[in-house]
Every structure is written in structure tokens, then in C-alpha cells.
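Numbering-wise, numbering that gives the first Met the number 0 puts 412 at position 413 of the sequence shown, and it's gapless, one number per residue. Glycine included, C-beta positions come from ideal geometry on N, C-alpha and C.
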Amino acid sequence: MKNSKERRKHDEIQARMMKGKKRNERKEHSHHDAKVNKAIQELDQAESLSKRNRLEEASALYHSSIEYLLSFLRAAQTDSNKSTVSTDVLKERIKVALSDAERIKESLQKKKKKQSVGRSQSERIRQDKVQIPSLQTTKSTDSHLTKTKQKRTANLDYDKNDPFIELIKNEIYIDSKSINVSWSDISGLQKAKQALQEAAILPLLRPDLYQGLRSAPKGVLLYGPPGTGKTMLVKAVAHESNCILFACTASSMTSKWVGEGEKIVRTLFKMAADVAPSIIFLDELDSLLGRRGGNSSGGNEQESSRRFKTEFMIQMDGIATRAKNTYDIGHKTLLIGCTNCPWDVDDAIMRRFQRRIYVPLPDKAARTILWKNLKMKSKDIQLTSRDLDYLAKITEGYSCSDIASIAQDASFGPLRELGTIDAIKDVRAKDIRPIQVKDFLDALKGAKKSVTASLLKKYNEWENGQGAEV
């Protein structure tokens, strides 16, 4: 009797446990079924958004829904009772959804690529980072700069199969991130800086003021002895004016194939116009656009060179035509040429450089600043103010690059005192003495001026014959 009662009690407990287990299973099924159904509804919603061309929203819904359903299927492989929904039906639904999602992804990529082509190349290069020119301006100028700052637009076809576009992007275009030269980095040359501000920067900041007789020149020529900072001036102009810079040399602009040189020129000027305001910098202008009929070695070379220069002149004239009577800085392309031998530049090319600026050797004040800057760049240099003044005095006639070479040679003085290679290998860096004035004087003994008196006289004669700004 007692055993019978205990058995019934045990059976009742088992029945209640089974009933609770089934109830929990039904709740679990209901929970998973609800989430699966919600994911399927989101797939339907994504399909509806896709038909209404709301592709970004559709893509996001497809991604989240498919991700959940795939994780659910993986879990269902180990627990077949996880849901009452047929896994075969889910697999088919996911397959269709994946196909739709892939189609939307391709459409979005095409749309993004199309927008990228139509977008301004200058914006893509700068990654939408706005730089404010550091030129000192008045409040009215700052206000006008804000008003005239325009969003650049371009319709360039940056097809990687176009060899000329790729050549310009790889060899001629200068990444703005690498241009960090400001006016303060250049010692002296105040007159040259002022002339460049008037010719290049201010017309971009205040195009309404620079029109008519004050209109900006289409070409600026920087000439003078080598190593005086002409290239640094151009980089400073590009940095301060927020212009896209294209730096051309004879090697990058010429081609061994007949006719390709002209195509490179046309492509260059088109790209510069499309990303304006921009600067086309012609380094070593005398070697790129020298006198016609000069040192030619053959008829074909002479003819191709003549066509190349003619195309350049046509494009230079086109700069003036595009910029004429417009206040829009987006139409401004400035041509800056640099040369050590202005007398070797073709006369027709020279006439198109309306502003000619002489970049002289550094004067005493500029040399003093240069020596101070060299000292500041190295903690190992021990020079007093009197030493700096003396070095500036005795380096008269030396170019900026000459002085930099002297400083570099002087930096080896403390190491040379150690004598043998083994001594240099074993010495500790903190035991090496600082660079002193005697090291610079020793370096000066073996240094020679790169600019001769006869060359300076030739610049003076050419300047008197041609006329220059400074």
C-alpha cells in the first residue's frame, strides 16, 4: 500500500516535470520563432526599400538580418528542436537575400565610383581638409576670403589606363601633405616674398581687387644664382595660397615618342584648370623651354621640340583667356618658372612671364638668420651671438645651399678629432664634444663659392636688358 502511494507520488512529480519541460520548450520555441520571423520581416522590408531606391538602408537591413539567420542555422545544426521553423525554408530564403544584398552592394559601389569621378580632385587630394593661408590679412580680407572660397568641381576621367594622367599624378603632382614650407622657413628674400604675395597669393584672396590694370599675371619667373631658395619660394606660395601644385621638369615632360610631349602638356593644363586654384611649376625652365633653333642635334628633334614649345605657348595663352574678367578663384591657374640661366629661355616663352623676380644671394641679415636656424635645428651646436654674426660676415657671396653644405661638413669636425675608425665605432654619443665655431672655420677653408663674380655680372646685365621686379 505504501509502495503504491509512493509510486503514484513519484509519477505525479515526473508528470509535472515533463509538463514544465514541454512548457519551457514551447516558450523557447516561441522566443526563437519570434526572432526568426522578425529577421524574415526585415528581409521583406529591405526588399521594399531596395525597390524605392533607398539602397543604403536596404543594405544595412539585409546585412543584420542575414547575419542573425546564418547564426541561427549554425546553432540549429546542433539542436534540431531550437525552432519550429523549417531550416530548409530558411536556407532558401537566405540564398535569395544574399543574392539581393550582393546586387545592392554592386550598385552602391558603382554609385560611389561615379560620384568620386565627378568630385573635385583637389578635395580628394586634401581629404576635405581646409587650410587657411597664413598670410596676414585684415578683417575685411578674411571676410571676403570666406565669401569667395568655393567648392571645387571637376569632370576628370581618372582612368588608370590613360598613361598621361597616370604620369602626371605619379611624377608631376606634388602631394599637399609634403608641402610644409612657410615664409618663416625662408631666410631673407623679403622683396621676393612681397613680389610673390602680390603676384600669386593676394589675387587669390581678393580677386575683386586684382582686376584690370591690377590683374594677376599669368606667369611669374624666378631667376637668379643656384641655391638661393627659388624652389622653396614656390613651395611656400603653394602652401600659403592653398593651391594644388604640379612640378614639371624636362625629364617628366618630354618623351622619346613623337607627339607625346604635346599630349602631356595638354593633359597637364587641363588637370590644373579642373582642380584650380592651382600652380604649374616649371623647374629649370631653360632646359625645358630653351631657345628654338639652338642646340639641336637633328631635324626631327628640332621639329618635335618646336611643336612642344608651341603647344606650351598655346596653353599659357589659354590660362589668361580662362581667367580673364572672372572673380572666381576656381578659374585661377598660375604658371611659375625657375631658372638659373634666364638668357637661355626662348624669347616667346619669356614674353609670357609678365612678372620676373630676381632671387639674389642672401645678404648679411639673411645669412645671420640662416645661421641661427641651423643652430636651432641641432642641440649639438655651440655658437654665441658673436659667433653667428662673425660667420654671417665671412660667408658673404655664399649661397644658401653653400652655407648648408659648410654646416654639414663642420658637423663632422668632432668625429674627425677621434682619429681612427675603431675609435669612432667605440665612442659613446654623449662623449662627443659639441660642434664649435672652429669646426665651421675649418669647413670654410675647403669650401668654394658656387656663384662666381662673372655670373653675378651676367645676371645684372640681363636684368638691365630685360627688366625685373626685384
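ask   = Can the beta-carbon of Ser277 be found closer than 9 Å to that of Leu232?
value = no
task = Please state whether DSSP places Leu284 in a helix, a strand or coil.
result = Helix, per DSSP.
ask   = Based on Cα-Cα distance, which residue from Leu267, Ala249, Thr338 lies nearest to Lys168?
value = It is Leu267.
Integer Cβ distance of Tyr61 from Asp99, believed to fall under 8 Å = Going by Cβ atoms, the distance from Tyr61 to Asp99 rounds to 7 Å, so yes, they are a contact pair.
query = DSSP three-state call for Ala246: helix, strand or coil?
reply = Residue state, collapsed to three classes: strand.
query = So Ile263 is in the beta strand (DSSP E); what residue range does that whole segment cover?
reply = Ile263 -> not in any beta strand (DSSP E); alpha helix (DSSP H) instead, spanning 259-273.
CB of Met315 within 9 Å of CB of Leu220, strictly = no
task = For Phe411, count neighbouring C-beta atoms within 10 Å of its own C-beta (all shown protein chains included) and say buried if the count is 16 or more, exposed if not.
result = Looking at its Cβ environment, which holds fewer than 16 other Cβ atoms inside 10 Å, Phe411 is exposed.
inquiry  = By the DSSP assignment, the alpha helix (DSSP H) with Leu204 in it spans what residues?
reply    = 201-204
key: Outcome for Asp421 when other beta-carbon atoms lying within 10 angstroms are tallied against a minimum of 16   = Looking at its Cβ environment, which holds fewer than 16 other Cβ atoms inside 10 Å, Asp421 is exposed.
Beta-carbon contacts of Glu261 that lie in its chain and below 7 Å, excluding the five residues immediately before and after = Arg306, Phe307, Glu310
key: Proximity below 9 Å, CB of Leu382 to CB of Leu369   = no
task = Using 10 angstroms around the beta-carbon of Leu97, count the other beta-carbons present and answer buried if the total reaches 16, otherwise exposed.
result = exposed
Coarse secondary structure for Ser277, derived from DSSP in three states = strand
inquiry  = Taking 9 Å as the threshold (C-beta atoms), are Ser398 and Pro341 in contact?
reply    = Taking 9 Å as the Cβ cut-off, Pro341 and Ser398 do not qualify as a contacting pair.
inquiry  = Against chain D, does Val180 count as a neighbour if the rule is that its beta carbon must be under 9 Å from one of theirs?
reply    = Note that chain D does not occur in the displayed structure, where there is just one protein chain.
task = Return helix, strand or coil for Gly226, following the three-state DSSP convention.
result = Gly226 falls in the coil class under three-state DSSP.
inquiry  = Considering only the alpha carbon of each residue, which of Ala198, Ser404, Leu203 lies closest to Ala442?
reply    = Ser404
request  = Would you mind giving the Cβ-Cβ distance between Leu281 and Leu203, rounded to the nearest angstrom? I have them listed as a contact below 8 Å.
outcome  = Not confirmed; about 19 Å, so no contact.
Helix, strand or coil at Tyr397 according to DSSP, with G and I counted as helix = coil
For Arg306, the three-state DSSP class (helix, strand or coil) = helix
ask   = Residue range of the beta strand (DSSP E) that Gly412 falls in?
value = No beta strand (DSSP E) holds Gly412; the alpha helix (DSSP H) holding it covers 412-415.
ask   = What is the DSSP secondary structure of Leu208, reduced to helix, strand or coil?
value = Note: Leu208 maps to coil in three-state DSSP.
ask   = With 16 as the cutoff for other CB atoms within 10 Å, does Asn481 come out buried or exposed?
value = Because residue 481 is not part of the residues shown, which for the chain are 0 to 469, the question remains open.
task = Grab the span of the alpha helix (DSSP H) containing Arg366 for me, first residue to last.
result = 363-375
message = Taking its Cβ as the centre, do 16 or more other Cβ atoms sit within 10 Å of Ala364, making it buried, or is it exposed?
response = Flag for Ala364 reads exposed.
message = Given a cut-off of 9 Å on the beta-carbon distance, is the pair Leu107 and Val35 in contact?
response = no
message = Could you tell me the alpha carbon to alpha carbon distance between Leu155 and Ile171, rounded to whole angstroms?
response = Below a pLDDT of 50, predicted positions are generally treated as unreliable, and Leu155, at 41, falls in that range; no measurement from the model is reported.
ask   = Can you tell me whether Ser63 is buried or exposed, with buried defined as 16 or more other CB within 10 angstroms of its CB?
value = exposed
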